[in-house]
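Data block below; observations after.
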Amino acid sequence: MKNTVEISKNEMDVKSEISIDFPLKGEWRFLRPPGHHPFAFDFVQMESKMKRYFQKSKIRNIITHIPAEEYYCWEQPVYSPIDGEIIQIG
Numbered sequence: 000m001k002n003t004v005e006i007s008k009n010e011m012d013v014k015s016e017i018s019i020d021f022p023l024k025g026e027w028r029f030l031r032p033p034g035h036h037p038f039a040f041d042f043v044q045m046e047s048k049m050k051r052y053f054q055k056s057k058i059r060n061i062i063t064h065i066p067a068e069e070y071y072c073w074e075q076p077v078y079s080p081i082d083g084e085i086i087q088i089g
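No gaps in the numbering here: position 22 of the sequence shown is 21 in numbering that gives the first Met the number 0, and each next residue is one more.
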């Protein structure tokens with residue numbers, strides 16, 4: 000994805016394009032379960048053979064809550080989409 004950044008410096012406008020990478024590597028899908036926030040997306044990794052995104056059965060997913068640790072994407076790294084430096088947290 001490309002984004003245009005406009006910088007105004009000494010009454011001269013400068014435009015430059017930057018590339019923004021997706022913050023996840025590999026194949027991911029997104030879910031929007033009923034009752035979810037309208038602008039929220041849950042990204043999940045799929046297990047290739049069974050086409051599931053969690054370790055237990057689909058029936059268990061319908062009947063009960065599945066803990067986050069049982070999803071294949073649990074503890075997978077999230078990458079920064081652009082180069083930068085963290086200045087302050089909190």
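Heads up, the beta-carbon is just placed ideally off N, CA and C, and yes, glycines get one too. Keep in mind it's a predicted model, so treat the numbers as computed, not measured.
(message) Using a Cβ-Cβ cutoff of less than 8 Å, which residues in the same chain neighbour His35 once the five nearest sequence positions on both sides are dropped?
(response) Reading the sequence shown from its first residue, position 36 is the one you call residue 35. Take His35, set aside five residues on each side of it, and the residues of its chain with a beta-carbon closer than 8 Å to its own are Asp41, in chain order.
(message) Going by DSSP in three states, Ile62 sits in which element: helix, strand or coil?
(response) The residue you call residue 62 lines up with position 63 of the sequence shown. The three-state secondary structure of Ile62, taken from DSSP, is helix.
(message) If distances are taken between C-alpha atoms only, which option among Gly83, Ile19 and Leu23 comes closest to Gln75?
(response) Counting from one through the sequence shown, the residue named residue 75 turns up at place 76. Selection Gly83, Ile19 and Leu23 evaluated against Gln75 yields Leu23 as nearest (Cα-Cα).
(request) Could you give the DSSP three-state label for Glu68: helix, strand or coil? (result) Mapped onto the sequence shown, residue 68 falls at position 69. Assignment of Glu68 by DSSP, reduced to helix, strand and coil, places it in the helix class.
(message) So, at 8 Å on beta carbons, what are the nonlocal neighbours of Phe29 in its own chain, with the 5 sequence-adjacent residues on each side left out?
(response) Counting from one through the sequence shown, the residue named residue 29 turns up at place 30. For Phe29, the CB contacts under 8 Å within the same chain, skipping 5 residues up- and downstream, are Phe40, Asp41, Phe42 and Val43 in chain order.
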